[in-house]
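4 protein chains.
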Amino acid sequence: MKTRVALLGAGRIGQVHAKNIAGHSSSELVSVTDVFASAAEELAGKYGAKVMATEEVLADSSIDAIVIATPTDTHSDLMEAAVEAGKSILCEKPVDLSLKRAKACLAATKDSRSPIMMGFNRRFDPNFASLRTAVADGKIGKTELLSITSFDPAPPPVSYVKSSGGLFRDMMIHDFDMANFLMGEAPVSVSAVGSAVVDPAIGEAGDVDTAVVTMTYADGRIAVIKNSRRAAYGYDQRVEVLGSEGLLSVENIRKTSVSLATAAGVTSANPEDFFLERYRNAYVSEWQAFLDAISNETPVPVSIEDGVLALAMAEASTLSSAEGRPVTLESVMG
Amino acid sequence: MKTRVALLGAGRIGQVHAKNIAGHSSSELVSVTDVFASAAEELAGKYGAKVMATEEVLADSSIDAIVIATPTDTHSDLMEAAVEAGKSILCEKPVDLSLKRAKACLAATKDSRSPIMMGFNRRFDPNFASLRTAVADGKIGKTELLSITSFDPAPPPVSYVKSSGGLFRDMMIHDFDMANFLMGEAPVSVSAVGSAVVDPAIGEAGDVDTAVVTMTYADGRIAVIKNSRRAAYGYDQRVEVLGSEGLLSVENIRKTSVSLATAAGVTSANPEDFFLERYRNAYVSEWQAFLDAISNETPVPVSIEDGVLALAMAEASTLSSAEGRPVTLESVMG
Amino acid sequence: MKTRVALLGAGRIGQVHAKNIAGHSSSELVSVTDVFASAAEELAGKYGAKVMATEEVLADSSIDAIVIATPTDTHSDLMEAAVEAGKSILCEKPVDLSLKRAKACLAATKDSRSPIMMGFNRRFDPNFASLRTAVADGKIGKTELLSITSFDPAPPPVSYVKSSGGLFRDMMIHDFDMANFLMGEAPVSVSAVGSAVVDPAIGEAGDVDTAVVTMTYADGRIAVIKNSRRAAYGYDQRVEVLGSEGLLSVENIRKTSVSLATAAGVTSANPEDFFLERYRNAYVSEWQAFLDAISNETPVPVSIEDGVLALAMAEASTLSSAEGRPVTLESVMG
Amino acid sequence: MKTRVALLGAGRIGQVHAKNIAGHSSSELVSVTDVFASAAEELAGKYGAKVMATEEVLADSSIDAIVIATPTDTHSDLMEAAVEAGKSILCEKPVDLSLKRAKACLAATKDSRSPIMMGFNRRFDPNFASLRTAVADGKIGKTELLSITSFDPAPPPVSYVKSSGGLFRDMMIHDFDMANFLMGEAPVSVSAVGSAVVDPAIGEAGDVDTAVVTMTYADGRIAVIKNSRRAAYGYDQRVEVLGSEGLLSVENIRKTSVSLATAAGVTSANPEDFFLERYRNAYVSEWQAFLDAISNETPVPVSIEDGVLALAMAEASTLSSAEGRPVTLESVMG
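Chains as they are written, first to last, in my numbering: chain A, 7 to 340; chain B, 7 to 340; chain C, 7 to 340; chain D, 7 to 340.
Below, the structure written as structure tokens:
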């Protein structure tokens, strides 16, 4: 019997989920909800689903699961309500922009009997997942130094930046989760620097567009994350882990495997444009993992705890960058 | 309104087509036909289609198009019958093992008012398609020398080899079509060598498992195709075109972008396993192209003529390899 | 007329210089000096040079230039004496382990009429030099974020570590100079973390073996340097510069261009073993640059000022790592 | 005691030898000979050697070895005379343009007690040598299919082409020797096609500028060589060997390891310009191998027999290309 799914949010990421829900042989897209009625209608129509209001969704006992792809400030409320209604939940990152609110949400939902999974899509990318398996299999011995390069192709509008919670909460949060995924534990302390060298207007809005965060772990290991809001050549998503016996790397995925050699040099294709292309397969695997957690009654691979942890790292980094000093995770977690 | 499609053949390649037909918003998989009833039922069931006999399909005026994924020796008969019934046709390669029969089929179907397209999937691979566009755009000036490397991961069973028509008709036919696609015309003459160095049993069955074919063109250009039935590292599919101003290449697609550096060297992932994986996207694009040809009433991108031409090159190569002399295409086309 | 050169120090790096001095058509290796007489004799004998004491070298007016490849704690004294004697000088890095002493040496030698060049060999590597030219040519627009990966193949003996001045002064000093070379100015502030995860004995000796330093520049640009004393796969020397219009990278140089594809993956050769192999060409170019500075009476490409600056960055990083806070360069430069 | 060497021929390749002879600690460049006195004088002067006439060289019993880097039509005569004079010989390829003359030279010199080595430099390239070792070590199991890509950066002047003996003798002869080096035996039969698509004037001069030769071996193995006189992107020198357990490849050596990623793609450096750059190390190793053969009294790694064999393959290919039929090696060897 197919899992009956309601989608909240018909934006860019909601559309990805709609396609994967409808295209999977074990799930059915029952409804789409969005404050913009036309967006909800168009997306619902494409997959033969209904348009429903959030209240209707929550009240409809035939709906098994909801996917939350709405604006960030609604995530916590919706998760709490959905738990109340007994639904399984897949929620887009972050839990909230406020760490306090996120922790409250975690507390309020911790007794849910249905799975609650956070949408850190990159964990499901076959390349990163393969790297993590190789680490776990001891291919490089003991891990020592993690390095994440994560550049967006182009900065978002300043209007978006203003309500985004800042680069650390909005963009680097994915990399914080990736660090947790690969290092297997949270860091003790973070040290962040950031500036607005891409676009001064981002700086005027109180945010940074280029940042480096160094993290230290209890056992002496170190991780470093580099973010930029702009990479003229495309979406740059690379990871390296140095261990006692070697180095594991994930390189970018190129648009094609074509190369052109002329007197001007040997030119290969750029990386995939952005996350919708780069992580297309990751979203499919993420959906599968969510369905598996429901049907097998196994723990979700990414929990609200994971979401709260990444958010705490973002909060600590924001503070560290602003005050020019290392910040312990403990101090922000309270 | 969706194009209503009947699938003939529920084997490995039929399953690929079924998924793409059913997954496309403009087509509907109406029926599946196979001599093995259980195979037809299973595949039909998966996509909510019916099981129908070939005669029923041809007689059903509600069916717009048929996809022929049956054994090779049925292709010509089915195409002729489907043209008679007014259906659009996508037929797997080759047209036939007999060039004479293929030419007869071409003659018999040449007045069809509905599209007839041959399933040379590689033309639709985004990488090869991009290379061809780059050639057409003059990125390497005038083309001079084409080189195709095409190795299967492992040889088929000898029982298959015996009824396959031989390596040139069964395997290299894809590369002949690729050469035609990239060079824009047929060669004048082919010169083939082949041997059974992978598996002597293939030689005892009268076939070769390793072969090189050199082709010459009217304007002096040259193409060379290398085939092997075995590449221990996976499916090796590469193309290079040398032109007056440079070289265009398509490299293999690796399973992941992970690499592992240890004292033993830097190890990257193998190429995709085989055609189902390597050409997954190509089959999707192929289906789109077929639907486009139907709805836009434009010429199909790969015609029966193309199929006959590739078959003639295979026939000439088989003869050349057996007799140790160059063979002109004209001599086999008659 | 050939430049007559005296070499002080017949160790590993002295041997590299001896070969390049003797092998150049415009220079002559006149003498070799070393506290180990047998080492001096062997090296001198190989190139037809004499063994001389330091005092003899300084007193010999026929000697034009000296190359200082002795232990670090002699560098400043030797440079001052050589300036006194009117010699041109090529001195291995660092100027001194003590920033104070290095600054005194700078002051004492600043009026030298003969060139004094510091041996930051990496600036002369054709790859890094080419990257810098591309930056200067505006190939990536305005630079924003520099990233240096610099891993040694294996940690030195703990006995060496104890007298090395620590990782930041001994190893990362090369990367500090590379940052200055590529960013075109000194950073305002450094923030360092380090630990001994490779070898606890290094930690017990009061040093670190793994470290990350983040540097901020007056205009908001950021640089990050990663160091490890151990890379099981060889000497890892990579640089990336992100700019407003793209990314410039220097990849490792592999021992061979051979690759092996088997069922186990596609394996390429490891990077060059260590600096003697990786920077062989850089040392040759460095020697050429020194001869050019002498004969053309042009400024040396790497000055004592550069050496003092890199040392100040090392001192600031040592302090930052120890005290867990960012340290401004101004505060250590005094 | 140093081997005393006389160099015959002060042209481009003679200059490479002069540098390596003079730069080696076990050999001394005694004299240079050239029909152009000024060329001989300049080169001799650079390395402190004398200018001598050929007769003087042969008569000078203090000279141990001669390097023959003169025009091809003098090679056989000079080798015979040098053997007569008891000299060790390193002779540039080919033995002669005439297979008959080469065979006569082989017969005339076969009793020489001093080493006679042919200058097939590519055998000494560390990359090809490493690939061959890997083949010999069974890294890919049993070899099945060899593929050589060998493109010059630009065609020579037509005047040169006219006296070159044609592409197969002048250019592909290196690749024939590489095939023998890697396959470990001579082919049974060759099948060649060639045309003048790069420059019609080359065709008018009776030669080809683009060619493919397929070779078959007694045990069924196959080799294919592709040559072009023009690769706009530089000197393209690649080799692949497919075996029962995998593929070994040698890729091009790039000028630098720098890459530039912009919106236009990811651009890497071109291959080395031409043989002087690409095979710089190979010439050094070749010279070492020659000195080793002299001092160790071991067989030379490349003999006149090897030179005659490669020439026979060139002759067979020339014939095959002209007559459009496979030609056995036996038929030309007589």
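Quick reminder that beta carbons are idealized off the backbone N, C-alpha and C, glycines included.
- Taking a contact as a CB-CB distance under 8 Å, the pair Leu297 of chain A and Thr80 of chain A does not count as one, their CB atoms being some 24 Å apart.
- For a Cβ distance threshold of 8 Å, residue set Ala267, Ala269, Gly271, Val272 of chain B lies close to Asn276 of chain C, ordered along the chain.
- In the three-state DSSP reduction, Pro277 of chain A falls in the strand class (E or B).
- Per DSSP, Asn133 of chain A lies in no beta strand (DSSP E) segment; the continuous alpha helix (DSSP H) that holds it begins and ends at 132 to 142.
- Contact between Val306 of chain D and Ile122 of chain D is confirmed by a C-beta separation of about 7 Å, below the 8 Å threshold.
- Only residues of its own chain outside the window of five on either side were considered, and among them Phe134, His180, Met184, Tyr285, Ala288 have a CB closer than 7 Å to the CB of Arg128 of chain C, listed in chain order.
- The C-beta of Ala160 of chain A comes no closer than 7 Å to any C-beta of chain D.
- Secondary structure at Phe174 of chain D: helix, using DSSP grouped into helix, strand and coil.
- At a cut-off of 7 Å between beta carbons, Tyr239 of chain C contacts chain B.
- At least one C-beta of chain B is nearer than 7 Å to the C-beta of Ser136 of chain A.
- Here Lys109 of chain C is buried. Its C-beta has 16 or more other C-beta atoms within 10 Å.
- For Asn233 of chain A, DSSP records a beta bridge to A:Ser156, A:Ala217.
- Using a Cβ-Cβ cut-off of 7 Å, Thr220 of chain B counts as an interface residue toward chain D, since at least one Cβ of chain D sits closer than that to its own.
- In the displayed model, Gly51 of chain B falls within a helix according to three-state DSSP.
- Residue contact check for Gly190 of chain C against chain A: no CB pair falls below 7 Å.
- Close to Ser291 of chain B, with beta-carbon spacing below 8 Å, lies no residue of chain A; the smallest spacing is near 13 Å.
- A Cβ-Cβ separation of about 12 Å leaves Leu14 of chain C out of contact with Leu35 of chain C under the 8 Å criterion.
- Beta-bridge partners assigned by DSSP to Lys56 of chain D: D:Ser37.
- At least one C-beta of chain A is nearer than 7 Å to the C-beta of Ser197 of chain C.
- Nearest to Ala192 of chain C by alpha-carbon distance, out of C:Ser274, C:Ala224, C:Gly212, is C:Ala224.
- For Thr60 of chain A and Gly144 of chain C, the gap between their C-alpha atoms comes out near 53 Å.
- In chain B, no part has a C-beta under 7 Å from the C-beta of Thr334 of chain D; the shortest such distance is about 10 Å.
- Annotated three-state conformation of Leu151 of chain D is strand, per DSSP.
- Contact annotation: Gly240 of chain C and Ala217 of chain C have beta-carbon atoms that are not nearer than 7 Å.
- Apart from sequence neighbours up to five positions away, the residues of its chain that approach Ala140 of chain A with a beta-carbon distance below 6 Å are Leu254, ordered along the chain.
- As the crow flies, the alpha-carbon of Glu283 of chain C is around 30 Å from that of Val73 of chain D.
- At least one CB atom of chain B sits nearer than 7 Å to the CB of Lys145 of chain A.
- Closer than 7 Å to the CB of Asn127 of chain A there is not a single CB belonging to chain B.
- Exposure of Arg119 of chain A is indicated by the presence of fewer than 16 other C-beta atoms within 10 angstroms of its C-beta.
- From the beta-carbon of Thr9 of chain B, no residue of chain D is found nearer than 7 Å; the closest lies around 37 Å away.
- At a cut-off of 7 Å between C-beta atoms, Ser263 of chain C counts as an interface residue with respect to chain D.
- For Glu246 of chain A, the enclosing beta strand (DSSP E) begins and ends at 242 to 249.
- The three-state secondary structure of Ile95 of chain B, taken from DSSP, is strand.
- Ala46 of chain B is not a Cβ neighbour of Val63 of chain B, given a cutoff of 7 Å.
- The closest CA to that of Met339 of chain D, considering only D:Leu96, D:Val196, D:Asp117, D:Phe126, is found on D:Val196.
- DSSP, read as helix, strand or coil, puts Ala269 of chain A in coil.
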